[in-house]
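The listed protein sequences derive, respectively, from chains A and B. If you're matching positions, the first sequence starts at 1 in this note's numbering and goes up one per residue. If you're matching positions, the second sequence starts at 1001 in this note's numbering and goes up one per residue. Ideal placement from N, C-alpha and C gives every residue a C-beta, glycine not left out. First the structure, in the form of structure tokens, and then the observations on it.
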Amino acid sequence: MIMCRRATELMSQRLDRPLVWQERLSLRVHLAMCGACSQCNRQFDMLHEAGKRFEPAARDEQE
Amino acid sequence: MSIPPLDDRMQRLTAVRPRLLSFARLHLRNHAQAEDAVQDTLEAAIENQDSFSGRSGYETWVFGILKFKILDTMRAQKRQGTWQPLEDEADDEAIDRQFRRNGSWVKEARPASWGEPEAAFESETFWQVFDACMIALPDNVARVFSLRELMGLSTEEICRELGIRENNCWVILHRARLRLRACIEQGWLTEETP
């Protein structure tokens, strides 16, 4: 079983490289049981998305 | 799509300038250098307007020019040796404070919901907090994060640019994200819910 700190490493690296299947599995199991890490996972996704939104392109093309 | 007429272009450049500047500032962390990069970008956009193909939006094209200028400036900063060396694998106190020794969240640091992402992105406050939290990151950490998440470089490209190992890059990005999430949660949720 991985702990939250290790889970946050995997959810961060997931955004930068493909995880191997053992990593994906242990992350998924952890997230299913841990509400705090699920929130953290959503926040990392938001930070990832926010970076793209910073550029006017994404916003302007919607206007 | 055709090339916008000159008046229109000047207007659009004026309109996009503040966003170019805050983008450049997040990367370069130096106001004068950010101003210079934006100024160079605006001049290049006007001089090289013929190379605007109209395939992407005009602002997107201008942003592309700025990205080149930022990378140029960062390379110059690196050559001049004004960068602090990246500390390798050293413990990060700001991260250690979020976790207990056994690796679970410290109670006060447990992530809470930020609500719907779209609502956050629409909120002026969210961007102010994001900006402030980026500025609060240590230079080294912010540089890697902004190259990855704002500039959209791969970690492989970042390693080449900064001369670090990819593993080191992942460690730094993990720290950057944990620091940012803690900072944003503190600044934003407290602002939104009185």
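Simplified DSSP state of residue i, which is helix, strand or coil
i, result
"B/W1114", "coil"
"A/W21", "helix"
"A/F54", "coil"
"B/W1127", "helix"
"B/F1099", "strand"
"B/W1105", "strand"
"B/G1064", "helix"
"A/Q62", "The predicted model places A/Q62 with a pLDDT of 41, which falls under 50 and marks its position as unreliable; any figure quoted below should be read in that light. If DSSP states are grouped into helix, strand and coil, A/Q62 belongs with coil."
"A/M3", "coil"
"B/I1164", "coil"
"B/P1194", "With a pLDDT of only 43 at B/P1194, under 50, the local geometry of the prediction cannot be trusted, and the value read off the model is given with reservation. Here B/P1194 sits in coil by DSSP."
"B/G1152", "coil"
"B/S1053", "coil"
"B/P1018", "helix"
Proximity to residue i [Cα-Cα], best of the options
i, options, result
"B/S1066", "B/H1027, B/D1092, B/N1168, B/R1179", "The sequence shown places Leu at residue 1066 of chain B, rather than the Ser named in the question. It is B/H1027."
"B/S1104", "A/E23, A/G35, A/Q43", "A/G35"
"B/L1173", "B/E1185, B/T1014, B/I1184, B/R1143", "B/R1143"
"B/Q1033", "B/A1015, B/R1075, B/R1100", "B/R1075"
"B/R1186", "B/P1111, B/R1097, B/T1041, B/R1012", "Inspection of the sequence shows that residue 1186 of chain B is occupied by Gln rather than by Arg. Minimum Cα distance to B/Q1186 is reached at B/P1111."
"A/L15", "B/F1068, B/F1145, B/S1056, B/A1094", "B/F1145"
heavy atom of the ligand ADP below 6 Å from residue i C-beta
i, result
"B/P1111", "Of the ligands one can find in the structure shown there are none, so the ligand ADP has no counterpart to examine."
Buried/exposed call for residue i, threshold 16 Cβ in 10 Å
i, result
"B/L1150", "buried"
"A/N41", "buried"
"B/E1108", "exposed"
"A/V20", "exposed"
"A/Q13", "buried"
"B/E975", "Chain B is shown from 1001 up to 1194; residue 975 of chain B falls before or after that span and cannot be answered."
"B/R1080", "According to the sequence provided, residue 1080 of chain B is Gln. The question's Arg does not apply to it. It counts as exposed."
Partner residues on chain E for residue i, Cβ-Cβ distance less than 7 Å
i, result
"A/M46", "No chain E appears in this structure, whose protein chains are A and B."
Would you call the segment 1128-1135 of chain B in contact with the segment 1054-1063 of chain B, where contact means no fewer than 3 C-beta pairs closer than 8 Å? For the pair of segments examined, the segment 1128-1135 of chain B was found not to touch the segment 1054-1063 of chain B: the number of CB pairs separated by less than 8 Å stays below three.
Do the segment 17-37 of chain A and the segment 1114-1129 of chain B meet, that is, are 3 or more Cβ pairs less than 8 Å apart?
no
**Asked** Which residues, in order along the segment 4-19 of chain A, keep a beta-carbon less than 9 Å from a beta-carbon of chain B?
**Response** C4, R5, R6, A7, T8, E9, M11, S12, Q13, L15, D16, R17
Item to check | Any 3 or more C-beta pairs closer than 8 Å across the segment 1171-1186 of chain B and the segment 1134-1142 of chain B | outcome: yes
**OP:** Check distances from the C-beta atoms of the segment 1102-1126 of chain B to those of chain A and list, in chain order, the residues that come in under 7 Å.
**Re:** N1102, G1103, S1104, W1105, R1110, P1111, A1112, S1113, W1114, P1117, A1120, F1121
The segment 1169-1184 of chain B: positions lying closer than 8 Å to chain A by Cβ:
C1169, W1170, L1173, H1174, R1177, L1178, L1180, R1181, I1184
Which of the residues in the segment 19-40 of chain A, read from start to end, lie with their CB under 9 Å from any CB of chain B?
C34, G35, A36, C37, S38, Q39, C40
What are the residues in the segment 1137-1153 of chain B lying within 9 Å of chain A by C-beta distance? The residues in question are F1145, S1146, R1148, E1149, L1150, M1151, G1152.
request  = Please name the residues in the segment 1155-1166 of chain B whose beta-carbon is closer than 7 Å to at least one beta-carbon of chain A, in chain order.
outcome  = T1155
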